[in-house]
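Chemist:
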Amino acid sequence: MYELSFLGTGTSQGIPVIGCDCKVCTSPDPRDMRLRTSALLKVGGRTFVFDVGPDFRQQMLRERVKNIDAILLTHEHNDHVIGLDDVRPFNFMHRKGIDIFGTDRVIKEVANRFPYVFEENPYPGAPQISTHLIEPFVPFSIS
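Quick note: to get our numbering, add 644 to the position in the sequence shown (first position is 1).
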């Protein structure tokens, strides 16, 4: 059995967009207030997250997520990776790193944006992650 939750289904700017006066952005309907794209998959007692954008912290708090076993980064745009620093509470609570899966291009860009995470001796509060390369359109498993 599995459970899939959409954490956000908005655009790269979220909905409503700052300063926009269109019908959707000014709508009082809560369905028109959407965080940036991400998903949470629970299967076999494990929890996986797809993308960690700028709304990641808010999404984890809203869903009361207590643990993450792995993160899949679909691509390297800010709206999919910039929340990576917010995995630290999970590191602290469980005293372990989190597996991050992405293509070579994505992992290289993450290392470029978060160099302090990849230092030989990172400072004690830096996010603890282990990167795993995947190939486009090639099946992979998370063990």
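By construction, the Cβ of each residue, glycine as well, lies at the ideal position given by its N, Cα and C atoms.
(1) Is there contact between the segment 649 to 662 and the segment 707 to 724, where contact requires at least three CB pairs shorter than 8 Å?
(2) Since I believe VAL731 is in contact with ILE751 (beta carbons under 8 Å), could you give me their beta-carbon distance rounded to a whole number of angstroms?
(3) On a Cα-Cα basis, can you pick out the residue from PRO660, CYS664, CYS666, LEU685 that is closest to PRO674?
(4) For the putative contact between ILE744 and ILE726, defined by C-beta atoms under 8 Å, what is the C-beta separation to the nearest angstrom?
(5) With 16 other CB atoms within 10 Å as the buried threshold, where does ARG680 fall?
(6) Would you kindly work out how many angstroms separate the C-alpha atoms of THR775 and GLY652, rounded to a whole number?
(7) Go through the segment 681 to 721 residue by residue and report every complete run of the beta strand (DSSP E) that reaches 3 residues or more, in order.
(8) Buried or exposed: which applies to PHE736, given that a residue is buried once 16 or more other Cβ atoms fall within 10 Å of its Cβ?
(9) Starting from ILE773 and walking both ways along the beta strand (DSSP E), at which residues does that stretch end?
(10) Buried or exposed, going by whether 16 or more other CB atoms sit within 10 Å of the CB of MET704?
(11) Is it buried or exposed for PRO780, if we count other Cβ within 10 angstroms and need 16 for buried?
(12) Output the boundary residues of the beta strand (DSSP E) element that contains PHE736.
(13) Measure from the alpha carbon of MET645 to the alpha carbon of each residue in GLY688, ALA770, MET677, then state which is nearest.
(14) For the beta strand (DSSP E) holding ILE744, just list the boundary residues, first then last.
(15) Quick one: give me the first and last residue of the beta strand (DSSP E) that GLU763 is part of.
Modeler: In brief:
(1) Below 8 Å, enough C-beta pairs join the segment 649 to 662 and the segment 707 to 724 to call them touching: three or more.
(2) The Cβ separation is near 15 Å, so there is no contact.
(3) Nearest C-alpha to PRO674: PRO660.
(4) Not a contact, Cβ separation roughly 14 Å.
(5) With a threshold of 16 other beta carbon atoms within 10 Å, ARG680 meets it and is buried.
(6) Whole-angstrom Cα-Cα distance: 24 Å.
(7) The qualifying runs are 682 to 687, 690 to 694, 714 to 716.
(8) The residue in question, PHE736, is exposed, as its Cβ has fewer than 16 Cβ neighbours within 10 Å.
(9) That run of the beta strand (DSSP E) goes 773 to 777.
(10) That one is buried.
(11) That one is exposed.
(12) Note, PHE736: premise wrong, no beta strand (DSSP E); alpha helix (DSSP H) at 732 to 738.
(13) Across the set GLY688, ALA770, MET677, the C-alpha of GLY688 shows the shortest separation from the C-alpha of MET645.
(14) Counting along the chain, the beta strand (DSSP E) containing ILE744 begins and ends at 742 to 746.
(15) In the DSSP assignment, GLU763 falls outside any beta strand (DSSP E), carrying neither H nor E.
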